[in-house]
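Student:
Number of protein chains: 2
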Amino acid sequence: MVTSDEAGVPERQLTARGRATRERIVAAAAELMAERGVASTTTQDVQKAAGGISPSQIYHYFSDKKSLVQAVIAYQAEAVLSFQTPLLSKLDSMEALEAWRDAIVDLQRERACVGGCPIGSLVGELADRDPLARAQIASSLARWEKAISDGIRAMQDRGDLDKRADPDHLALATLTALQGGLLMTQARRDTTALEAVLNVVIERIRCYATAWPPNPAETLRSDRY
Amino acid sequence: MVTSDEAGVPERQLTARGRATRERIVAAAAELMAERGVASTTTQDVQKAAGGISPSQIYHYFSDKKSLVQAVIAYQAEAVLSFQTPLLSKLDSMEALEAWRDAIVDLQRERACVGGCPIGSLVGELADRDPLARAQIASSLARWEKAISDGIRAMQDRGDLDKRADPDHLALATLTALQGGLLMTQARRDTTALEAVLNVVIERIRCYATAWPPNPAETLRSDRY
């Protein structure tokens, strides 16, 4: 988490205008870092991309590049969760889970399979050299995992999933599969791998769906686990 | 693939001593790039890490950094496949698949969950800014996927997997799950996510195992797909 002493000026002490400027810097940095990597994004690049920002202004908000990177991770986590949470909060059936998969696959296609996961694609470059960034990435992934397990647990609470299903375990596997799928999509420039792995996870969750198989011989129901 | 005109001097024209020097440069660069990222690895760093190499020697072997990056990807692909292929070529049962999973999980634990996948961890930084590197990463991943599908197909040819299983699809999902698992391991510094996702894939493959379930009521066998 970004604490006040990591940034030049604590975010909560900023005026509305200051917050808007800070936000513009972070958004520009996030876009550049996603596109070309963290190390290849200079303060000068960020300044140019944010428009009308002086170097001293950047240092006013962020004491060093690491604190800017932390703000970028927080920004990307919000972006991902604001896209994911509404979809995940509506998980109330296998069809909803499939709609979630389709929304992710469609988004990658719209982006021409460029960019990967805004959070996951930072792992390779940052995890082993910036312990604070790694911890912040891990905590963003944990929030995402929680949103998925809340969705799966809601399905279970409604009685759509058998109570023997472990929502936390399934959510962790789902997020992990999604991370692999997004990485492969970025590497391969197609969504086949993403679809394949999400389908495997969905089929696994379907094993616990109380309405599965669609036309069950009732005598088989106790044998399908 | 690295072609002769991308490197300073084509590898096949080198003497044995030249090849050894080139190999030393590539090994040093691979280690540094895995640890700190591609952009943060300078020619000077590589020169120092390889020991007793002059800058002009690096340029003798690699005309620019991109050609060095390509040699690093090729080197990492060989390292991964030389570890993976013997394990994958022995896939002849669900137990062998579980042993493969265990070998991967153990390796990550031995490495203290640092480093991620030597190939996959380059995707975030390189895929969108170096088209040749992306293509080479994709082709390395395809070779790995092929090794997995050969293993699954061998199980099928031996009659251990039902012929309705699609080895190519299952292999793609398996490699994708593994990539996600390695990324999450690097981010979280534990192997729980890796184990969770590989178990989901293995359970999916087990659905096609002809000896599954272990104590089947014979009457259920035609209903379990």
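Top to bottom, those sequences are chains P and R. Residue numbers for the first sequence follow the working numbering, beginning at 1120 and rising by one. Residue numbers for the second sequence follow the working numbering, beginning at 1120 and rising by one. Virtual Cβ for every residue (Gly too), placed ideally from N, Cα, C.
Expressed to the nearest angstrom, what Euclidean distance is found between the alpha-carbon atoms of ASP1225(R) and LEU1206(R)?
Tutor: Straight-line Cα distance between these residues: approximately 14 angstroms.
Student: Nearest to ASP1221(R) by CA position, among VAL1316(R), TYR1194(R), THR1329(R), is which residue?
Tutor: Nearest option by C-alpha distance: VAL1316(R).
Student: Do the segment 1261 to 1277 of chain R and the segment 1165 to 1178 of chain R touch if we need at least three Cβ pairs shorter than 8 angstroms?
Tutor: Too few Cβ pairs lie closer than 8 angstroms, so no.
Student: Looking at the C-beta of LEU1297(R), does it have a partner C-beta in chain P at a distance below 8 angstroms?
Tutor: So, interface residue.
Student: Sort GLY1243(P), ALA1296(P), ALA1290(P), VAL1188(P) by Cα distance to ALA1147(P) and report the nearest one.
Tutor: Minimum Cα distance to ALA1147(P) is reached at VAL1188(P).
Student: Measure from the alpha carbon of ILE1271(R) to the alpha carbon of each residue in GLN1227(R), ARG1323(R), GLU1314(R), LEU1260(R), then state which is nearest.
Tutor: Measuring from the Cα of ILE1271(R), the nearest candidate turns out to be ARG1323(R).
Student: For VAL1165(P), count the other beta carbons within 10 Å of its own beta carbon; 16 or more makes it buried, fewer makes it exposed. Which is it?
Tutor: Answer is buried; the Cβ neighbour count reaches 16.
Student: Residues bridged to LEU1280(P) by DSSP?
Tutor: Bridge partners of LEU1280(P): ALA1328(P).
Student: How about THR1311(R): is its C-beta nearer than 8 angstroms to some C-beta of chain P?
Tutor: Yes, contact with chain P.
Student: Distance check for GLN1275(P) and ASP1285(P), CA to CA, integer angstroms please.
Tutor: The straight-line gap from Cα to Cα measures roughly 9 angstroms.
Student: Along chain R, which residues have their Cβ under 7 angstroms away from the Cβ of GLN1227(P)?
Tutor: Result: empty, since nearest Cβ-Cβ is about 13 angstroms, beyond 7 angstroms.
Student: With DSSP as the reference, label ALA1246(R) as helix, strand or coil.
Tutor: Three-state DSSP puts ALA1246(R) in coil, outside helix and strand.
Student: So that I know if they touch, is there some Cβ in chain P lying closer than 8 angstroms to that of LEU1210(R)?
Tutor: Not one chain P Cβ lies under 8 angstroms of LEU1210(R).
Student: My guess is that LEU1081(P) and CYS1236(P) are in contact by the Cβ rule of under 8 angstroms, so how many angstroms apart are they, rounded?
Tutor: Since the displayed chain P opens at 1120 and closes at 1344, residue 1081(P) lies outside it and no answer follows.
Student: Quick one: does GLN1305(P) have its CB under 8 angstroms from some CB of chain R?
Tutor: Chain R contact via Cβ: present.
Student: Determine which residues of the segment 1262 to 1282 of chain R have a Cβ less than 8 angstroms from any Cβ of chain A, and write them out in chain order.
Tutor: The question asks about chain A, but that chain is absent: this structure's protein chains are P and R.
Student: Under a Cβ-count criterion, where at least 16 other Cβ atoms within 10 Å of its own Cβ denotes burial, should GLY1299(R) be classed as buried or exposed?
Tutor: Classification for GLY1299(R): buried.
Student: Let me know the secondary structure DSSP gives ILE1172(R) once reduced to three states.
Tutor: Coil at ILE1172(R), not helix or strand.
Student: Going by DSSP, what residue range makes up the alpha helix (DSSP H) through ILE1223(R)?
Tutor: Counting along the chain, the alpha helix (DSSP H) containing ILE1223(R) begins and ends at 1213 to 1229.
Student: Establish whether the CB of SER1173(P) and some CB of chain R are separated by less than 8 angstroms.
Tutor: Cβ-Cβ to chain R under 8 angstroms: no for SER1173(P).
Student: My understanding is that ILE1238(R) touches SER1208(R), with C-beta atoms under 8 angstroms, so please give their C-beta distance in whole angstroms.
Tutor: Rounded, the Cβ-Cβ distance is 19 angstroms, inconsistent with contact.
Student: If we call anything under 8 angstroms between Cβ atoms a contact, is GLU1244(P) one with VAL1157(P)?
Tutor: Yes, Cβ-Cβ distance for GLU1244(P) and VAL1157(P) is below 8 angstroms.
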